Structures are given as structure tokens and as C-alpha cells.
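Q: Protein chains in written order, with the working numbering: chain A, 94 to 282; chain B, 17 to 265.
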Amino acid sequence: MTEPRKARVATVSLAGCFGCHMAILDIDERLIALMERVEFDRSPLTDIKTFNRRCDIGIIEGGCCNEENVHTLIDFRKNCDVLIALGQCAIMGGLPAMRNAIMHSADPLRECLEEAYLTGPYLRNTTRLIPNDPVLPLILDKVYPCSEIVDIDYQIPGCAPSGDIIFSTLVALLDGKFTGFERETLRFD
Amino acid sequence: MNGPFQFRIDGVEVAATPGQTIMEAADAAGIYIPRLCDVEGLRHQGGCRVCTVKVGGKAAGRSVSACTQPAEPGLEVENDTEARNRVRRDLVEMLFHEGNHLCPICEKSGNCELQAMACRLDMTAATRFPYLEPCRDLDASHPDIALDTNRCISCGRCIRASQDVDAKGVFGYVGRGIHRRVAVNGADLAHTDAALADHAMSVCPVGCIIRKGEGFATPIGARHFDHGLIGHEIEGRAGEDLARKDGRK
């Protein structure tokens, strides 16, 4: 009889700051126990950039702010049995979603780009242009939470979520015993 | 109906006096009924409906707001059940969607009752509602106070506090239906007689009324709701009562 294989975990950071990936490292020494049960597949941690086989768990950090984020997220949904939105950006857009409404503008994306590249008081942009190279992913009209693009199975809240909640959720999912979070451990920041 | 009487919340006998609301009696008995617009020291409004309970039995029962509904002898109240809490969670979730509630950037985070309510009601599933993402005003005109109305949930606490406690009427509702908003009695907050010491400036459950110069003063881990779920103080009263009774024995 063959040994049961390790669960395959894929991760990606979309419109996020990699803080949630850092938070995965906050699992600390329990990572050793976790790594006996899982292996990382497509992930910035392994530098594997495409799916070559189906994965058991996909972990998404960040929402969708450009075209490439959307394609990557759909690719994760296709290739992962269970998809987890990790952190507030993946869940509701998070900090990048500030550009959706808080600019108080009829055209928030234009205003955001103009301030970032043209009119901001502390700028040095010698080209005087908003970057528009065809190789750059097309930026979306607004930042979308992951659940608006694909079905998300579980959401782990936090900015960033604690190592404890990530670890306990992953272990419960691996055991097939996840029934929800301890309310006392929930944080939205 | 003159003297004290009993009624039941989730099958537990609760003592009440005539004129007490269901919530007042529950609070005294150490039973927490979730609420956002209601706060100790202000008159009841029954606006947010988060305190909705069912009275009069499961099938024929009627949904009422516990903060305004008077307790009655023999009343059967359904409070902490999956069905009630599901409705409350949907209400709270819709409040998140109606405004711009970005917890990671908000200085009220950790002290915010809306956020704490979402935690208590397990608001963790992927949302089924669209984010409305309205464009609302930020009023930083006052030297000591700022208003970020993106975070306002129209609970009306500041209105009641300003009218009833401060006797000023700095805040009031304007508009109707979904367009009803809290507004200030002047061109902006600087053109009202609002003052930092007003009771109205200390009752906001969310990060709308901001006391300038105080943001992020309390470190993560020491903020109000880092110490326990919203309502744990009220639920703690039940334990205290028992301890007091035990002490007397």
C-alpha cells in the first residue's frame, strides 16, 4: 500500500502586500508539523508559476485590481479543490479598494492615476506620462473582492490574519473537521 | 400590572418591572441581546433592528426590537438562536456594504461596535451582497473633531446625545428612506456649537465621529474588543449575580 500523499497547497498574492504570506510564516515552528502533511505547489514560496497538477488547497492573498489578477484567480479556482481567501484584501478589497470610493470622484481611477503619476506634490516623473506599456496588465475600473470573481470556499479574516488562525484553519481543513472560527480569534485588522 | 413579574428569554426566567423593555430586563439579568443603535444613557430608538427578537412562540411569533418592546408577564422571547442571529448577521453585513468600512485603515478598529458585532455574529462567509461603495463627505473643518461619514451607519446615537444630553441639536437626520443621512446643523461641523466634551462626541459606535489627535493611541491587543466579545460585560453580570448569591449563603 502506498503512503497517503501530502496535501498540495498553492498560494498567490494578487492585489496584496505579501503581508498575508508573511503571516503564513507566523505559524513559526508549527510549520515543521504542517509541512509533514502538506507540500507547496504553485506558490511564490516555491517559485512555481503555473499549475502542473491539481491542488487540494488554494490560498489567495489580495483582491483583483487588474486583468492578470482575474485570470490568475480563475486559474486557481479551476485547479484547486478548496479555495481560501486569506486576509481583508482578498475578502473585501482591503487597502487597494480605497481607490474605489474614497477618492470622492466621479472618475476615481483617473484621479488615482493622475495623482500617483502627474499631479501629486512629491513626484518626480520625468516622462510626465501615466504608464501605458502594453506589457503592463490592464488595470480594472475598481478593485474587486475575490468572491465577486469566483466562488470562495472559506475566508480567513485579518490584516494580516494571525499565524494561529491560519494554522488552526489549515489543520482543521486537513482533518476534515473545520466548522468555523473561534469568535474570540476573529480580527478584521 | 403593578409589581415585578417574570418572563422567559430562550427558556430562561427573567425578572422585570413594569415599563422595562425586553432589553433592559435582559441586561439586568446578564443576557446579552446584540444592538447597535441602542446605548446606555440614551433614549431607545429601535432603528438598527440588530436587537430583533421573536416574541410569542416560534410559529406564530412576531419580530420586535428588544430595545423598544416592553416586557410583559409570561412573554416567551427567542433571542440567541441560529435563526435570530442569521438575520442579525445579514443586517450587520448590509451595514458594511452600505458604507465604506475598511477596517485595516480605520482608527476605530478594535474599539468599533460594528466590527465587534460582525465578529460576534460570525460574519466570515463570502458575501452575497454587492458593495455599494458610496462617495460620502469627510468633514475635517472642526479643530478637534472630524466626521468621516463613509463610516456612518445612521444609528442616530449622536443625534439623541446632542439633543437630549448636550441640549444642542448639532446632529439630525436629513432625507428619507435609503437616502436618510445624519447631517450637522450648519454649513459644516466648524459652524455648529459642537465641542469635544459633548456627550455626542463619545457615543459613535463606528469611526465616523473622530476625536482628532487620538487615533491609534491604543496598541493592538489593548483595545476595547481585544479583551472580549461585544456584550461580554453584560454576560458577565449573570456570573456576578450568582457569585453574590453564593457569597450570601
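The beta-carbon is built from N, C-alpha and C at its ideal position, and this holds for glycine as well. Computed from a predicted structure; not experimentally measured.
Which runs of the alpha helix (DSSP H) spanning at least 4 residues fall entirely within the region 65-135 of chain B, listed in chain order?
A: 98-114
Q: Please list the terminal residues of the continuous alpha helix (DSSP H) segment that includes E204(A).
A: One-based indexing of the first sequence puts residue 204(A) at position 111. It spans P201 to E207 - the alpha helix (DSSP H) in which E204(A) sits, taken as one unbroken run.
Q: To the nearest angstrom, how far is it from the Cα of K142(A) to the Cα of L202(A)?
A: Translated into positions along the first sequence, residue 142(A) becomes position 49. Translated into positions along the first sequence, residue 202(A) becomes position 109. Each residue's alpha carbon lies about 29 Å from the other.
Q: In chain E, which residues lie less than 7 Å from A265(A) when you measure between Cβ atoms?
A: Judged by its chain identifiers, the structure shown contains no chain E, and its protein chains are A and B.
Q: Output the distance between the C-alpha atoms of L176(A) and Y237(A), rounded to the nearest integer angstrom.
A: Walking along the first sequence from the start, residue 176(A) turns up at place 83. Walking along the first sequence from the start, residue 237(A) turns up at place 144. Distance between the alpha carbons of L176(A) and Y237(A) is about 16 Å.
Q: Opposite L23(B) in the DSSP bridges: which residues?
A: Locating residue 23(B) in the second sequence gives position 7, where the first residue counts as 1. The amino acid at residue 23(B) is misidentified as Leu; the sequence shows Phe. Beta bridge pairing from DSSP links F23(B) with V30(B).
Q: What first and last residue would you give for the beta strand (DSSP E) that runs through N159(A)?
A: Locating residue 159(A) in the first sequence gives position 66, counting from the first residue. Residues C157 to N159.
Q: Using only CA atoms, which one of L279(A), P97(A), F111(A) and K235(A) lies nearest to A134(B)?
A: Stepping through the second sequence from its first residue, residue 134(B) is reached at position 118. The option with the nearest alpha carbon to A134(B) is L279(A).
Q: Does any CB atom of chain A fall closer than 8 Å to the CB of E149(B)?
A: Working through the second sequence from its first residue, we reach residue 149(B) at position 133. With 8 Å as the cut-off, E149(B) counts as an interface residue toward chain A.
Q: Rank A32(B), Q85(B), V28(B) and C220(B) by C-alpha distance to the C-alpha of P20(B) and give the top, closest one.
A: As a first step, residue 20(B) must be located in the second sequence, where it is residue number 4. Nearest of A32(B), Q85(B), V28(B) and C220(B) to P20(B), Cα basis: A32(B).
Q: Would the beta-carbon of F274(A) be found less than 7 Å away from any heavy atom of the ligand NAP?
A: Summarising the ligand content, the structure contains no ligands, and the ligand NAP is consequently not present.
Q: Can you name, in chain order, every residue of its own chain whose Cβ lies under 8 Å from the Cβ of R264(B), other than the five neighbours on each side?
A: Position 248 of the second sequence, counting from 1, holds the residue named residue 264(B). Residue placement at R264(B) cannot be trusted, given a pLDDT of 45 that sits under 50; the coordinates are not used to answer.
Q: Would you check if there are 3 or more beta carbon pairs closer than 8 Å linking the region 252-262 of chain A to the region 105-116 of chain A?
A: yes
Q: Please confirm if S125(B) has its CB atom under 8 Å from at least one CB of chain A.
A: The residue labelled residue 125(B) in the question sits at position 109 within the second sequence. Yes, because at least one Cβ of chain A sits closer than 8 Å to the Cβ of S125(B).
Q: Quick one, which residues of the region 185-210 of chain A are near chain B if we go by CB-CB under 9 Å, in chain order?
A: M185, G186, G187, L188, A190, M191, N193, A194, I195, M196, H197, S198, A199 and P201
Q: Taking the alpha-carbon of V186(B) as reference, which of R173(B), V200(B) and V71(B) has the nearest alpha-carbon?
A: Position 170 of the second sequence, counted from the first residue, corresponds to residue 186(B). Scanning R173(B), V200(B) and V71(B) for the CA closest to the CA of V186(B) turns up V200(B).
Q: Using 10 angstroms around the beta-carbon of F169(A), count the other beta-carbons present and answer buried if the total reaches 16, otherwise exposed.
A: Position 76 of the first sequence, counted from the start, is the residue given in the question as residue 169(A). F169(A) is buried by the Cβ-count criterion.
Q: Listed from N- to C-terminal order along the chain, which residues in the region 92-121 of chain B have their beta-carbon within a distance smaller than 7 Å of any beta-carbon of chain A?
A: N116, L118, C119, P120 and I121
Q: Quick one: what does DSSP say E129(A) is sitting in, helix, strand or coil?
A: Locating residue 129(A) in the first sequence gives position 36, where the first residue counts as 1. Of the three classes helix, strand and coil, the one that applies to E129(A) here is coil, per DSSP.
Q: List, from N- to C-terminal side, the alpha helix (DSSP H) runs of 4 residues or more that fit wholly inside the region 129-190 of chain A.
A: Taken in chain order, the whole alpha helix (DSSP H) runs of length 4 or more contained in the region 129-190 of chain A are 160-172 and 181-185.
Q: In the structure shown, what three-state DSSP assignment does R264(B) receive?
A: What you label residue 264(B) is simply residue 248 of the second sequence in a count that begins at 1. For R264(B), the pLDDT reaches just 45, beneath the cut-off of 50, and the residue's location in the model is therefore unreliable, leaving the point undetermined.
Q: Quickly, what does DSSP pair S240(A) with across the bridge? List them, please.
A: On the first sequence, position 147 is the one that residue 240(A) refers to. Residue pairing by DSSP places S240(A) in no beta bridge whatsoever.
Q: Name the DSSP beta bridge partners of Y247(A), please?
A: The residue given as residue 247(A) occupies position 154 in the first sequence. Answer by DSSP bridge pairing, in chain order: I177(A).
Q: Could you name the residues of chain A that R136(B) contacts, counting a contact when the two beta carbons are closer than 8 Å?
A: Position 120 of the second sequence, counted from the first residue, corresponds to residue 136(B). R276, listed in chain order.
Q: Taking all protein chains shown into account, decide if G172(B) is buried (16 or more other Cβ within 10 angstroms of its Cβ) or exposed.
A: Locating residue 172(B) in the second sequence gives position 156, where the first residue counts as 1. Taking all protein chains shown into account, G172(B) has 16 or more neighbouring C-beta atoms within 10 Å of its C-beta and is therefore buried.
Q: Could you name the residues of chain B that D257(A) contacts, counting a contact when the two beta carbons are closer than 7 Å?
A: Walking along the first sequence from the start, residue 257(A) turns up at place 164. Residues of chain B passing the Cβ test: none, with the nearest at roughly 13 Å.
Q: What is the rounded straight-line gap between the Cα of A100(A) and the Cα of S81(B)?
A: Translated into positions along the first sequence, residue 100(A) becomes position 7. Translated into positions along the second sequence, residue 81(B) becomes position 65. Rounded to the nearest angstrom, the two C-alpha atoms are 48 Å apart.
Q: Using DSSP bridges, identify the partner residues of L216(A).
A: Your numbering for residue 216(A) matches position 123 in the first sequence. L216(A) has no beta-bridge partner at all, per DSSP.
Q: Give the straight-line distance between the Cα atoms of G202(B) and T208(B), rounded to the nearest whole angstrom.
A: The sequence position of residue 202(B) within the second sequence is 186, counting from 1. The sequence position of residue 208(B) within the second sequence is 192, counting from 1. Going from the Cα of G202(B) to the Cα of T208(B) covers about 6 Å.
Q: Is the beta carbon of Q248(A) closer than 8 Å to that of A178(A)?
A: Numbered from its first residue, the first sequence carries residue 178(A) at position 85. Numbered from its first residue, the first sequence carries residue 248(A) at position 155. Cβ distance < 8 Å, so A178(A) and Q248(A) count as in contact.
Q: Answer yes or no: does any C-beta atom of chain B fall closer than 8 Å to that of F281(A)?
A: Indexing the first sequence from 1 puts residue 281(A) at position 188. Output row for F281(A): interface = yes.
Q: Since Y189(B) sits in a beta bridge, which residues does DSSP pair it with?
A: If you number the second sequence from 1, residue 189(B) lands on position 173. According to the DSSP secondary-structure assignment, Y189(B) is paired through a beta bridge with V198(B).
Q: Would a check of beta-carbon distances place Q131(B) closer than 8 Å to chain A?
A: Here residue 131(B) refers to the residue found at position 115 of the second sequence. True, the Cβ-Cβ gap to chain A drops below 8 Å.
Q: Which bits of chain A does L245(B) rub up against, with CB to CB less than 7 Å?
A: Position 229 of the second sequence, counted from the start, is the residue given in the question as residue 245(B). Within chain A, the residues near L245(B) are R276 and E277.
Q: If we define contact as Cβ-Cβ less than 8 Å, is G155(A) a contact residue for chain B?
A: Position 62 of the first sequence holds residue 155(A). No, no contact with chain B.
Q: Along chain B, which residues have their Cβ under 7 Å away from the Cβ of I117(A)?
A: Walking along the first sequence from the start, residue 117(A) turns up at place 24. Those within 7 Å of I117(A) in chain B number zero; the least Cβ separation is about 18 Å.
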